[in-house]
Each structure stands twice: as structure tokens, then as C-alpha cells.
Amino acid sequence: MPLIQAPRGTYDVLPEDVARRGALTARATEIFSAAGYHRIETPVFEATELFARGVGAATDIVQKEMYSFDDGGGRSLTLRPEGTAPICRAYVEHGMHKLPQPVKLWYLAPFFRAEAPQRGRYRQFWQVGAEAIGSAAPETDAELIVLLAELLAAMGVAGTRLRLASLGTPETRSEYREQLTAYLHAHESELAPEVRARIELNPMRAFDSGDPGTQRVMAVAPKLLDQLAPEDAEHFAAVRKLLDVTGIPYEVDPALVRGLDYYTRTLFEFTCDALGGQSGVGGGGRYDRLIEQIGGHPTPGIGFAAGVERILLAGSAQPIATPNVDLLVVVSDHERPGALSAGFELAREARRAGLSAQLELMRRSLKSAMKHADRLGADYVAIVSGVGETSLRSMATGEQRELAIVNVIPTLLRASRLT
Ligand code: HAM
Numbered sequence: 009m010p011l012i013q014a015p016r017g018t019y020d021v022l023p024e025d026v027a028r029r030g031a032l033t034a035r036a037t038e039i040f041s042a043a044g045y046h047r048i049e050t051p052v053f054e055a056t057e058l059f060a061r062g063v064g065a066a067t068d069i070v071q072k073e074m075y076s077f078d079d080g081g082g083r084s085l086t087l088r089p090e091g092t093a094p095i096c097r098a099y100v101e102h103g104m105h106k107l108p109q110p111v112k113l114w115y116l117a118p119f120f121r122a123e124a125p126q127r128g129r130y131r132q133f134w135q136v137g138a139e140a141i142g143s144a145a146p147e148t149d150a151e152l153i154v155l156l157a158e159l160l161a162a163m164g165v166a167g168t169r170l171r172l173a174s175l176g177t178p179e180t181r182s183e184y185r186e187q188l189t190a191y192l193h194a195h196e197s198e199l200a201p202e203v204r205a206r207i208e209l210n211p212m213r214a215f216d217s218g219d220p221g222t223q224r225v226m227a228v229a230p231k232l233l234d235q236l237a238p239e240d241a242e243h244f245a246a247v248r249k250l251l252d253v254t255g256i257p258y259e260v261d262p263a264l265v266r267g268l269d270y271y272t273r274t275l276f277e278f279t280c281d282a283l284g285g286q287s288g289v290g291g292g293g294r295y296d297r298l299i300e301q302i303g304g305h306p307t308p309g310i311g312f313a314a315g316v317e318r319i320l321l322a323g324s325a326q327p328i329a330t331p332n333v334d335l336l337v338v339v340s341d342h343e344r345p346g347a348l349s350a351g352f353e354l355a356r357e358a359r360r361a362g363l364s365a366q367l368e369l370m371r372r373s374l375k376s377a378m379k380h381a382d383r384l385g386a387d388y389v390a391i392v393s394g395v396g397e398t399s400l401r402s403m404a405t406g407e408q409r410e411l412a413i414v415n416v417i418p419t420l421l422r423a424s425r426l427t
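If you want my numbering, it's the position in the sequence shown, counting the first as 1, plus 8.
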């Protein structure tokens with residue numbers, strides 16, 4: 009039979025990978041809890057309409073990257089490509105506007121995008137992110153940027169660059185968009201074909217192009233940052249002032265574009281050269297119109313998400329030490345009536361007493377069971393030969409003594425108190 013493999017762009021999290029991911033969960037929990045953010049989990053699939061309206065019909069994500077399917081009853085569902093629209097949906101659906109504002113939430117979950125897989129880019133990937141919904145104050149923007157910077161630092165992601173911009177309001181943006189569209193049309197012959205084809209659909213993406221001709225045109229293109237309304241310019245200045253106080257270095261990048269349409273005002277992204285082509289390690293921004301767009305009352309919000317795989321690829325955080333094995337229970341004679349049940353119960357009782365205890369499950373010979381205990385790093389081995397008979401061997405000293413099975417756990421507990 010041909011081997012069935014995991015789908016392209018997916019990967020298995022093997023037991024040896026779990027420790028580093030666990031370290032990320034632990035750090036994220038510490039950092040977000042300390043700042044008063046609470047964890048939220050939303051469904052893996054949502055109504056397709058949520059992303060079409062929330063993320064934007066013209067985005068690459070909605071146009072080409074969503075895994076959408078019919079639920080069998082004529083409704084279109086989509087495996088979530090991102091977390092902000094679902095969290096805003098949950099905010100509205102659960103009447104979270106009645107809670108003290110802003111509502112501060114964080115998440116660590118899998119997301120799905122049908123992208124061309126490569127290092128750091130997967131079709132199922134994980135994001136760790138945070139959203140603060142209900143505050144329009146610039147200190148909220150700065151707080152989220154600081155939290156992401158702290159998380160990246162805690163995970164040992166070095167050599168990051170923070171780029172910052174402001175998109176102003178959708179009104180400023182649509183005036184600017186007309187101006188940019190006209191500019192792009194005037195320079196059509198110098199643009200890459202794929203940029204030319206998308207002038208009307210998404211002119212901002214021209215800033216993102218790697219094509220040298222397009223880059224020359226865009227270097228002197230009109231910039232949105234120069235056309236912000238006074239209150240948006242003030243908001244942006246206030247965010248930058250707070251960041252200046254923290255000492256976190258950043259560059260204002262008027263050409264910063266992100267692939268989601270819900271952004272207003274502040275926009276930011278951390279990149280890391282160690283990641284190569286897929287250098288975006290995490291980013292986010294303000295989305296003051298999103299909640300209205302999905303049917304709620306006008307409510308400001310801001311957040312970010314970072315790619316878990318990219319953090320782990322670029323980071324150097326050490327895994328949390330694997331817990332040691334206090335006891336390996338080896339049944340030496342499985343034919344002896346009652347021996348197996350006695351050993352089985354001993355392992356279970358030891359775990360209930362708070363020890364880490366394993367039963368030897370391969371029915372190894374005594375000699376190879378000892379080798380296995382060594383490999384596991386077990387402190388003690390209990391060799392159960394009958395109902396009440398046990399020998400307890402210390403793997404550190406090699407000392408072995410006979411004792412009644414009921415005394416094994418108290419002996420180990422005493423020993424663990426002494427060390
Ligand atoms: P995003 O920039 O699309 O933003 O994704 C955030 C991060 O997820 C990226 O910086 C990257 O590290 C990771 N990522 C994205 N796509 C992939 C992929 N195919 N494979 C591996 N990693 C990937 C958002 O999703 C917004 N919801 C962020 C946000 C939150 N904005 C406001 N609040």
C-alpha cells in the first residue's frame with residue numbers, strides 16, 4: 009500500500025518539539041497575564057462572510073488563501089485564516105461591551121492559509137496574539153507593541169526590526185487611494201505586470217513589490233503618512249512618543265503594508281533577518297472600524313499576532329527541562345499470579361502520591377529493563393516479582409534492597425524530601 013503522508017504545508021509537532029512550544033506558552037501566559045490579558049479560544053471554522061467582510065474581499069487572504077467549504081446545508085464555512093475578526097465576532101456576540109473596557113484578550117491557536125509552503129510558511133500554522141478592544145487611546149497601541157517586543161525577547165528572537173506606520177482613517181485612505189491609483193496609471197509602463205493588474209483592486213500592494221522597476225516608481229510615490237488628518241497625525245505622534253520612552257528602536261516606514269484591510273491608524277511589524285524570505289515574525293495594528301463592519305456598535309480595537317513557527321525558528325529560548333522519572337516499575341515475572349496487577353497498581357498509586365512513575369510496557373528482560381531505566385533517567389526501579397515482593401534499586405548508587413511493596417512509595421517520598 010502506498011504510504012499516506014501529511015498534506016503539503018502541514019507538519020507534525022513531535023514529542024521532542026513540544027518542550028520549546030511549551031516554553032512559548034509559558035512565556036506568553038506570564039507576559040500577557042501580568043498585563044491583565046485573558047486567554048480566549050474561538051472555533052477553528054467560522055462563517056466565510058466574517059472574513060470576507062472583516063479581512064476584506066480584495067485581500068490575498070480572502071481571494072486565494074481561504075479553505076472554504078459548504079457545511080452540507082448550503083452555508084459556506086472557512087477554516088480561520090486569522091484571529092482578529094473571530095475575536096471581534098465573539099466580543100459582539102457575548103456583549104463584551106458591557107465589561108470594563110478595554111477588553112484585553114490573548115490567544116495561541118492554529119490558523120489556515122492556502123499559501124505556497126516554504127521555510128516559515130505553512131498551510132496550518134500557529135499564531136500567538138493579543139487584542140485590546142474598546143480603547144482608542146494611543147497608550148493601548150504602545151502597550152501592545154511593547155508586549156510583542158517582550159514576548160520576542162523572552163523567546164530569544166534576536167536581531168528584530170520594528171517598522172511602524174499610520175494609515176489614518178478609511179476616508180483619508182480612500183482619497184489617498186485615488187491619488188495613488190492615478191499615479192500608478194501614469195507610470196503603468198514601468199510597473200511589473202502583476203502590479204499593473206492589481207492597480208484598481210489593491211494599489212497599496214505596489215509598495216510591497218520586489219520588482220526593481222516598480223520599486224523605483226514607488227520610491228517617489230505619494231505617501232499616505234504625509235496626508236494624515238491632524239487627529240490621526242497626533243495619535244501617531246503620541247504612540248511614537250511612548251515608544252521613545254521605552255527605548256525600543258523603530259523605523260517609521262511609510263511604505264509598510266499588511267495583507268489585511270481592517271487596519272486604521274497605527275500599523276506595525278517586527279521582522280527578523282534570520283528568517284530569510286519570510287521575515288515577518290509578528291505584526292498588527294489598530295482596527296477601529298472592524299467591529300462595526302461585522303455588525304457591532306462602533307468600537308475601537310488594536311492587536312497583533314506573531315507566528316509561532318517563526319518565533320521558534322528565529323528564537324533561542326531553551327526548552328523547559330523535561331520532568332524526571334522518579335520510578336520505573338518492572339514486573340519481573342508476568343506468569344506469577346498477581347505480579348502484574350501489583351506492579352500496575354504500584355505505578356498508579358505512585359502517580360497519585362505525586363511521583364512521576366512509569367510501568368515498563370515492553371515486557372523487557374530484567375537486564376534490558378535496567379538499560380531502559382537508564383535511558384529514561386529514572387531515579388529508582390521497583391522490580392515486582394510477586395504480590396507483596398519488591399526490590400527497590402537506586403539507579404544513582406546501584407544499591408538494591410528487598411522491601412514490602414507497600415513500603416515503596418513511602419520510601420521514595422522520604423528520599424525525595426531529603427534531596
Ligand atoms: P498577519 O501578519 O497576517 O496578521 O499574521 C501574523 C503573523 O502570523 C505573521 O507575522 C507571521 O509570523 C505568521 N504567519 C502568517 N501567515 C503564516 C503562514 N502561512 N505560515 C506561518 N506563519 C504565518 C494577522 O493575522 C492579524 N490578525 C494580526 C493582528 C491582530 N492584527 C490586529 N490584531
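The C-beta atom is built at its ideal place from N, Cα and C for all residues, glycine as well.
Residue i burial status per 10 Å Cβ neighbour count (16 or more: buried)
i    : result
T148 : buried
T272 : buried
H243 : buried
C417 : Reading the sequence as shown, one finds Ile at residue 417 and not Cys. Buried, because 16 or more other Cβ atoms sit within 10 Å of the Cβ of I417.
R401 : buried
P51  : exposed
S376 : exposed
F77  : exposed
N210 : buried
T405 : exposed
D20  : exposed
M9   : exposed
G64  : buried
G62  : buried
A245 : exposed
L336 : buried
L11  : exposed
Whole-angstrom distance between residue j and residue i, CA atom to CA atom
i    : j    : result
L374 : R409 : 16 Å
A124 : E202 : 17 Å
S340 : E407 : 18 Å
E183 : D281 : 35 Å
D435 : F53  : What the structure shows of the chain is the stretch from 9 to 427, and residue 435 is not part of that stretch, so it cannot be assessed.
R29  : L159 : 13 Å
Y388 : L363 : 11 Å
R248 : A150 : 8 Å
T279 : G167 : 9 Å
T177 : R294 : 10 Å
A98  : W114 : 13 Å
E397 : I413 : 6 Å
P118 : G385 : 33 Å
T18  : V26  : 16 Å
S217 : P108 : 43 Å
P257 : L156 : 13 Å
I207 : Q286 : 24 Å
T274 : E357 : 56 Å
L116 : A190 : 42 Å
R129 : R181 : 30 Å
CA nearest to the CA of residue i, picked from the options
i    : options                : result
S324 : A31, A14, G267         : A31
I299 : R35, C96, T37          : C96
L268 : A350, G291, Q286       : G291
V165 : M226, G385, G288, P94  : G288
G235 : E186, S349, Q71        : Note on identity: in this sequence residue 235 is Gln, with Gly being the wrong assignment. The option with the nearest alpha carbon to Q235 is E186.
Q223 : A246, P238, E198       : E198
A93  : N332, F40, Q13, E57    : E57
F120 : A138, P89, G62, V414   : P89
A194 : E38, V228, D219        : V228
A138 : T18, L411, G91, V333   : G91
N332 : V225, S424, Q326       : S424
L264 : L233, A157, E49, Q326  : L233
E1   : S84, R371, A322, L335  : Coverage of the chain is limited to positions 9 through 427, which leaves residue 1 absent and any answer about it impossible.
F40  : R16, R127, A162, L87   : A162
L421 : L85, K231, A361        : A361
M212 : P238, L336, R169, D68  : D68
Y270 : G221, F59, R16         : F59
A322 : A347, I153, R127, Q301 : R127
D240 : F215, A205, A173       : A173
Quick check: the segment 123–140 against the segment 246–258, are at least 3 beta-carbon pairs closer than 8 Å? no
Could you name each continuous alpha helix (DSSP H) segment of 4 residues or more that falls completely within the segment 278–306, going from the start of the chain to the end? 298–301
How do the segment 69–84 and the segment 29–47 stand: do at least 3 beta-carbon pairs fall below 8 Å, yes or no? no
If we count Cβ pairs, one from each stretch, closer than 8 Å, do we get three or more for the segment 302–316 versus the segment 362–374? no
Specify whether the segment 337–354 and the segment 376–396 touch according to this definition: at least 3 beta carbon pairs, one from each stretch, less than 8 Å apart. yes
So, does the segment 300–309 touch the segment 140–156, judging by three or more C-beta pairs under 8 Å? yes
At which residue ranges does the segment 124–167 contain complete alpha helix (DSSP H) runs of 4 or more residues, listed in the order of the chain? 146–162
Whole beta strand (DSSP E) runs in the segment 59–99 with 3 or more residues, listed along the chain? 75–78, 84–87
Enumerated in chain order, which unbroken segments of the alpha helix (DSSP H) with a length of 4 residues or greater are wholly contained in the segment 308–362? 316–322, 347–360
Which runs of the alpha helix (DSSP H) spanning at least 4 residues fall entirely within the segment 215–265, listed in chain order? 220–227, 238–254
Continuous alpha helix (DSSP H) assignments of at least 4 residues falling wholly in the segment 22–46: 23–42
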